[in-house]
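Asks: Supplied in structure tokens, the structure appears directly below.
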Amino acid sequence: MNQMTAISTLTRPTASGKQAASVEFRNVTKRYGSVTAVDDVSFTIEPGQLVTLLGPSGCGKTTTLRMIAGLEMVSAGQILIGGRDVTNLSAADRDVSMVFQSYALFPHMSVLENVAYGPSVQGASKKDAQAMAMEKLALVGLTGLEKRAPSELSGGQQQRVAVARALVLEPQVLLFDEPLSNLDAKLRRRVREDIRELQQNLNLTVAYVTHDQEEALAVSDRIIVMSNSRIAQTGTPRELYEEPADLFVADFIGDANILNGTVVELAGPRAHVQIDRLEIDLPHRGVMQGPVKLAVRPDAVLLNEGAAGPGEVSGQVKKASYLGTQIEYEVASPMGELFVVQYGRREPIAPGTAVSISLDRQRGVAIVPGA
Amino acid sequence: MSRATLGWIVLGWIGYALLPWYGLDGAASSLGDYFVGRSGLVHGLTGAWWLLPILLPLVMGLRPAFAGSGESDGTWLIASGLLGLALVILQGFAIGMNGWTFEVLKVLFGEPGPRQDGIGYGATLTLTAFLIVLCHGFAARGWCRGDAFVTSSIGVVIALIIVFVFFPVSTILASAFADNDGNFAPAEFAAKFTDQSIWGLDCLTSNLRCGVAWNTLFLGVLVAFGTTALGLAFALIATRTAFRYKKLLRVMSVLPIITPPFVIGLALILLFGRSGALSAVLWDWFGIPRSRWIYGLPGIFIAQLLAFTPIAFLVLIGVVQGISPTLEEASQTLRAKSWTTFMTITLPLMRPGLANAFLLGFVESLADFGNPLVLGGNYEVLSTKIFFAVVGAQQDQGRAAVLSIILLAFTLGAFWLQHAWLGKKVYTTVTGKGDAGIPLPLPRRVAAASYLTAIPWALFTLVVYTIIVVGGFVRSMGRDYTPTLDHLLTAFRIENTEWGLHFSGSAWDSFFATVKVAALAAPLTAAVGLLTAYLLTRQRFSGQRAFEFGTLLSFAIPGTVVGVSYILAFNVPPIEITGTGFILVMCFVFRNMPVGVRAGIATLSQIDKSLDEASLTLGARSATTMRRVVLPLLRPAVVASLVYSFVRAMTAVSAVIFLVTAEYNMATTYIVGRVEAGEFGLAIAYSTVLILVMLLAIVMIQLAVGERRLGRRSAAANAAPVAVQAVP
Chain A
0 MNQMTAISTL TRPTASGKQA ASVEFRNVTK RYGSVTAVDD VSFTIEPGQL VTLLGPSGCG
60 KTTTLRMIAG LEMVSAGQIL IGGRDVTNLS AADRDVSMVF QSYALFPHMS VLENVAYGPS
120 VQGASKKDAQ AMAMEKLALV GLTGLEKRAP SELSGGQQQR VAVARALVLE PQVLLFDEPL
180 SNLDAKLRRR VREDIRELQQ NLNLTVAYVT HDQEEALAVS DRIIVMSNSR IAQTGTPREL
240 YEEPADLFVA DFIGDANILN GTVVELAGPR AHVQIDRLEI DLPHRGVMQG PVKLAVRPDA
300 VLLNEGAAGP GEVSGQVKKA SYLGTQIEYE VASPMGELFV VQYGRREPIA PGTAVSISLD
360 RQRGVAIVPG A
Chain B
0 MSRATLGWIV LGWIGYALLP WYGLDGAASS LGDYFVGRSG LVHGLTGAWW LLPILLPLVM
60 GLRPAFAGSG ESDGTWLIAS GLLGLALVIL QGFAIGMNGW TFEVLKVLFG EPGPRQDGIG
120 YGATLTLTAF LIVLCHGFAA RGWCRGDAFV TSSIGVVIAL IIVFVFFPVS TILASAFADN
180 DGNFAPAEFA AKFTDQSIWG LDCLTSNLRC GVAWNTLFLG VLVAFGTTAL GLAFALIATR
240 TAFRYKKLLR VMSVLPIITP PFVIGLALIL LFGRSGALSA VLWDWFGIPR SRWIYGLPGI
300 FIAQLLAFTP IAFLVLIGVV QGISPTLEEA SQTLRAKSWT TFMTITLPLM RPGLANAFLL
360 GFVESLADFG NPLVLGGNYE VLSTKIFFAV VGAQQDQGRA AVLSIILLAF TLGAFWLQHA
420 WLGKKVYTTV TGKGDAGIPL PLPRRVAAAS YLTAIPWALF TLVVYTIIVV GGFVRSMGRD
480 YTPTLDHLLT AFRIENTEWG LHFSGSAWDS FFATVKVAAL AAPLTAAVGL LTAYLLTRQR
540 FSGQRAFEFG TLLSFAIPGT VVGVSYILAF NVPPIEITGT GFILVMCFVF RNMPVGVRAG
600 IATLSQIDKS LDEASLTLGA RSATTMRRVV LPLLRPAVVA SLVYSFVRAM TAVSAVIFLV
660 TAEYNMATTY IVGRVEAGEF GLAIAYSTVL ILVMLLAIVM IQLAVGERRL GRRSAAANAA
720 PVAVQAVP
């Protein structure tokens, strides 16, 4: 059955190929002199999943990716690929390919030679290597351009050559290092969808580094958020957005208003929280009674013109920006300055207007534990 | 355990059990006798008992091969390599040609003890095998990302530098502190070091000569000033004026590079000597008597100015071009006149470049040997004094060593100054952004000064080179200008005898030897230099700074010092290679390698590191990556280092003059010999031929290495932006 779908989609050219493998980090640390780039990191990437390493620059995500590839060696800990310990294996001995941020296409070789490089250094005959290369070039839709030099292609095409080159050895694990950073905004959306589709059709294990949280949310099965050389949180995109583990994640994934509240009562899995004059029931996420911090998404703050009723807080609109699909407000309130986004076709509220503020009770508000 | 590791262990056994352990040449009665009969193993069993312990590490190396356990393989390899290296080196140094070499051993075991010759092919192979096995062991332990090629390369380069740079230098240090019997004698060192002939200041107070150290320093400072001033004038003209013959300036700047260093001195003799062309004219027309004024400080000074001004020019042209014109425009919009702008903006920005050119001129003058030898007369400098201490009647190696140390201290001091003072102060004003500014035209005063110094000097250079071309083809410069091919024929006669062509000219032997040595040294130099550059830019390992210092150190050592140190170090076992062509090749490789390193580093740092990494993740090992990705992109650096090392091997004289033998006489030393014998015509004809051969070689290297690249460059010319991107 699986075979059938593979053939019917016509995107998987060979029914053979190796099984996708898992990637496991066990307490991995990487130090450069006195600087610790990755600090005691453990995680597992399940076979066939696309996992994103997300974080601000300098958080250790690229180093982590390069340690999977074998381009950096761990200072302590263990790396397993497909259950096999590869900690001391060099990059050439690992069944892993990588798409580089700069694409790293060899400028002295044609597109075809670039893609055929992998098989040819593995000892395949020139004919076989080129056949394999042509197959992957067809897969990424570049048939007919194989004689060109990399510099004669557009940025998007260069990127697809880089992907074809990484796929040609049918690696157990495929790595992407900020693959979209050199593309313009329009192209990014399309290419990231192409990458996701390719990954799902070929059932590849993919590790993907980015600093763009929207990109991460769009393509990932799971996201590993890194901050200061450590993992801040791991989870599905939805878990990260709706249940951030700490203030950093809450702020980094999407925008969030961080508000102070008080847990007044715990009832089973839920907590009754008071924020100024607002009251709300939320999953308690392990917090005790007492002061607590909450992450409130900008679209979970509801504004209404007019005076505040019971259970509402009054505020005043400071700024309003009209952005087409949404309107963004800065609102002064007793809870602090709020960043509010309104979707849907509503009349903009003019700056200076007094508003009543309430919270969406269904979603967009979460208690942040450990803060 | 990889097959490469096993291969090296087997090679280690071959070196020990099959190849002759001692002596680099030597005939044997039969092939079997040559191979097995003189191996380390047989020697060990027949008396040379100290060779037997080497079996132990060889067996240890085999353990991971037959009972490999994975985990401890690396440890076994490291242990085998370390023990092997230690045993071979220890026995090599402990037992010399005349028995024990250490006093302790003499006392313990009685004199004279066993004796042995220098190491041969077998011992060299075994040593190399131990070294590589050790490096493979480190790789198995995860060093350098587990890459055996990288660890082995590092190991080999370090070993070569230790053997051919640090070992000779430390030998010269040691022999400076020893008397002629090899005993430690600090008092003798102090006496030699403070000798009046080195540090005397008599010339200030009386008519006597000053010490040789002061002479050297004085000449160095004079030449440094002169070359910097002239170089600056040329650089300003080339970049900031509408001078019509700029291309000619460029050509003139290349000429001295392919001119053997003493040829200029020779041309000066032919011009200004007692029977020189110009002297003759002056006597005939103006009645100015012929004199020997050219021999001594004036001669050396002029010759070195001619020889080293182009270097200052090349340094300064880069500096002048590097000054952002926008800065000068900014100054002008603030209403500074062009003279003020030049004095307050342009010149101060050039200061580091000027200092750099000054120090280079100083160092070059100190290291120069050919011109002082030819023109020195009674003006002695350190480099010639060292030479005469070794080859002259005195035969005083200790004195040569002391003088070498002083010269080495001067040059290293100059390099240290340059590094400490300029290292952090380079006012590079070229940025990645385009600079739309137009350079300021030179203020009239500066332009006039530049033209007035540069143009006469350029004409003078032209005259000197004309002499070089003409001098070889007239009967006798200054006396008889009848054109003749006699000199050329004496040197390069080919006779068509009945048993084939016979190269009967007197210069053929040295010519062939020179070409052979240069042709061997050039690819080796390029290989070692570029490999080192690759390790320095592409790999990270502990001790990298020290590694870099070691590779560049040999550049700072004056040739004369290298020559003396090689004689002292390689004249006795365990490494006994004086008199062979091999020592000449190695001398050139390590003197010229730093240029290959620099060229390689410059090119490699423009190539995105992720190209290598992409190749690695595609399953290519470092060696394959090097061959298929790095080398094709390195072609300009390959050409540069091949050309440079070939040319330097053809023109060098200072280090070589100590190392040549009858069999391996080099062209330059042969020419110097002719000059000393007064055969100027022959000498200069030979020099002309050398210059032509070098030009030919440069063109051939360009064609051989550069050709392939042209075909694809048309397409790849724009590829640079892809390749030149910052690593994230």
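Just so you know, the protein sequences line up as chains A and B, in that order. Every letter in the first sequence is one number past the one before it in numbering that gives the first Met the number 0, and letter 347, counting from 1, is 346. Every letter in the second sequence is one number past the one before it in numbering that gives the first Met the number 0, and letter 597, counting from 1, is 596. For each residue, glycine too, the CB sits at the ideal point set by N, CA and C.
For Ile582/B, which of helix, strand or coil comes out of DSSP?
Replies: Three-state DSSP puts Ile582/B in a helix.
Asks: Cutting at 6 Å between CB atoms, please list the residues of its own chain near Ser74/A, excluding the five before and the five after it.
Replies: For Ser74/A, where only same-chain residues beyond five positions count, the Cβ hits under 6 Å are Thr28, Lys29, Arg30.
Asks: How big is the Cα-Cα spacing for Arg345/A and Ser323/B?
Replies: Straight-line Cα distance between these residues: approximately 56 Å.
Asks: For Pro631/B, go through chain A and note every residue whose CB falls closer than 7 Å to its CB, in chain order.
Replies: Those are His107, listed as they occur along chain A.
Asks: Tell me the residue span of the beta strand (DSSP E) that contains Glu675/B.
Replies: Looking at the DSSP string, Glu675/B is not in any beta strand (DSSP E); the run it does join, the alpha helix (DSSP H), is 666 to 675.
Asks: If contact is defined by three or more beta carbon pairs under 8 Å, each pair taking one atom from either stretch, is the stretch 580 to 599 of chain B in contact with the stretch 518 to 533 of chain B?
Replies: Enough Cβ pairs lie closer than 8 Å, so yes.
Asks: Here's a check: name, in chain order, each residue in its chain whose Cβ is nearer than 8 Å to the Cβ of Val272/A, leaving out the five neighbours to either side.
Replies: The answer, listed in chain order, is Gly260, Thr261, Val262, Val263, Glu278, Ile279, Asp280, Leu281, Val291, Leu293, Ile366.
Asks: Am I right that Phe472/B and Ala684/B are in contact with their C-beta atoms under 8 Å? What's the rounded C-beta distance?
Replies: Right, their Cβ atoms sit about 7 Å apart.
Asks: Can you name, in chain order, every residue of its own chain whose Cβ lies under 8 Å from the Cβ of Thr100/B, other than the five neighbours on each side?
Replies: The answer, listed in chain order, is Phe92, Ala93, Ile94.
Asks: Which residues in the same chain have their Cβ closer than 6 Å to the Cβ of Gly112/B, if we skip the five residues on either side of it in sequence?
Replies: Result list for Gly112/B: Gly98, Trp99, in chain order.
Asks: Contact criterion: CB-CB distance below 8 Å. Does Arg144/B meet it with respect to chain A?
Replies: Chain A, which has a Cβ nearer than 8 Å to the Cβ of Arg144/B, makes this yes.
Asks: When DSSP labels each residue in this structure, what does Gln100/A get in the three-state scheme?
Replies: Looking at Gln100/A - three-state DSSP - the assignment turns out to be coil, as it is neither helix nor strand.
Asks: Cβ atoms of Val339/A and Leu302/A: under 8 Å apart, would you say?
Replies: Taking 8 Å as the Cβ cut-off, Leu302/A and Val339/A qualify as a contacting pair.
Asks: Taking contact to mean at least 3 C-beta pairs separated by less than 8 Å, is the stretch 658 to 666 of chain B in contact with the stretch 234 to 250 of chain B?
Replies: Touching, no, given that fewer than three Cβ pairs across the two stretches are closer than 8 Å.
Asks: When the Cα of Ala457/B is compared with those of Phe224/B, Ala408/B, Thr308/B, which residue comes out closest?
Replies: Measuring from the Cα of Ala457/B, the nearest candidate turns out to be Thr308/B.
Asks: With burial defined as no fewer than 16 other Cβ atoms inside 10 Å of the residue's Cβ, what is the status of Val103/B: buried or exposed?
Replies: Val103/B comes out exposed.
Asks: Using a Cβ-Cβ distance under 8 Å, would Gln121/A count as near chain B?
Replies: Judged by the 8 Å Cβ criterion, Gln121/A is in contact with chain B.
Asks: Determine which residues share a DSSP beta bridge with Phe475/B and list them.
Replies: Here residue 475/B is Ser; the residue named in the question, Phe, does not match the sequence. For Ser475/B, which the question treats as bridged, DSSP gives the partners Asp479/B.
Asks: Would you tell me roughly how many angstroms separate the C-alpha atoms of Phe166/B and Phe569/B, rounded to the nearest one?
Replies: For Phe166/B and Phe569/B, the distance between alpha carbons rounds to 9 Å.
Asks: Starting from His486/B, trace the alpha helix (DSSP H) in both directions and tell me its first and last residue.
Replies: 485 to 491 is the extent of the alpha helix (DSSP H) around His486/B.
Asks: When you compare each of Leu695/B, Ser553/B, Gln538/B to Cys143/B by their alpha carbons, which one comes out closest?
Replies: Comparing Cα-Cα distances from Cys143/B to each of Leu695/B, Ser553/B, Gln538/B, the minimum goes to Gln538/B.
Asks: Would the stretch 112 to 126 of chain B count as touching the stretch 564 to 580 of chain B if we require 3 or more Cβ pairs under 8 Å?
Replies: Flag = yes, the stretch 112 to 126 of chain B and the stretch 564 to 580 of chain B touch.
Asks: Among the candidates Phe137/B, Leu130/B, Thr170/B, whose CA atom is the shortest distance from the CA of Leu159/B?
Replies: Comparing Cα positions, the closest option is Leu130/B.
Asks: On the criterion of 16 or more Cβ atoms from any shown chain inside 10 Å, does Tyr102/A qualify as buried, or is it exposed?
Replies: The residue is buried, with at least 16 neighbouring Cβ atoms inside 10 Å.
Asks: Taking C-beta pairs closer than 7 Å, name the residues in chain A that Gly618/B reaches, listed in chain order.
Replies: What Gly618/B touches in chain A: Ala91, Gly117, Val120, Gln121, Leu168.
Asks: Would you mind sorting Tyr321/A into buried or exposed? The rule is 16 or more other CB atoms within 10 Å of its CB.
Replies: Exposed, because fewer than 16 other Cβ atoms sit within 10 Å of the Cβ of Tyr321/A.
Asks: Below 9 Å on C-beta distance, what does Val132/B contact in chain A?
Replies: The contacting residues do not exist; Val132/B stays about 18 Å from chain A at best.
Asks: If I measure Cβ to Cβ from Val208/A and keep anything under 6 Å in the same chain, skipping five residues before and after, which residues do I get?
Replies: Within the same chain, Val208/A has close Cβ partners Leu52, Lys60, Thr61, Leu64, Asp176, Glu177.
Asks: Is it the case that the stretch 393 to 408 of chain B contacts the stretch 333 to 349 of chain B, given that we only count it when at least three CB pairs across the two stretches are under 8 Å?
Replies: They do not touch, by the three-pair rule.
Asks: Since I believe Ala619/B is in contact with Val120/A (beta carbons under 8 Å), could you give me their beta-carbon distance rounded to a whole number of angstroms?
Replies: Val120/A to Ala619/B, Cβ: 4 Å. Contact.
Asks: So which of Ala249/A, Ile223/A, Asp38/A, Tyr342/A has the shortest CA-CA distance to Val364/A?
Replies: Of the listed residues, the one whose Cα sits closest to Val364/A is Ala249/A.
Asks: Across the stretch 310 to 320 of chain A and the stretch 342 to 356 of chain A, are there enough close Cβ pairs to call them in contact, namely three or more that are closer than 8 Å?
Replies: In short, these stretches touch, since the Cβ pair count reaches three.
Asks: Pairing CB atoms from the stretch 145 to 153 of chain A with CB atoms from the stretch 98 to 117 of chain A, are three or more of them under 8 Å?
Replies: At 8 Å Cβ cutoff, the stretches touch.
Asks: Looking at chain B, which residues of the stretch 153 to 177 of chain A have a Cβ within less than 9 Å of any of its Cβ atoms?
Replies: If the cut-off is 9 Å between Cβ atoms, the stretch 153 to 177 of chain A has Gln157, Ala161, Arg164, Ala165, Val167, Leu168, Pro170, Leu174, Asp176, Glu177 near chain B.
Asks: So, under 8 Å CB-CB, Leu760/B and Tyr378/B are touching, yes? Tell me the CB distance rounded to an integer number of Å.
Replies: No information on residue 760/B is available, as it lies outside the stretch 0 to 727 that chain B covers here.
Asks: Roughly how far, in whole angstroms, is the beta-carbon of Leu406/B from the beta-carbon of Val560/B, given that I think they are within contact range, below 8 Å?
Replies: The pair is a contact, with the Cβ atoms about 6 Å apart (cut-off 8 Å).
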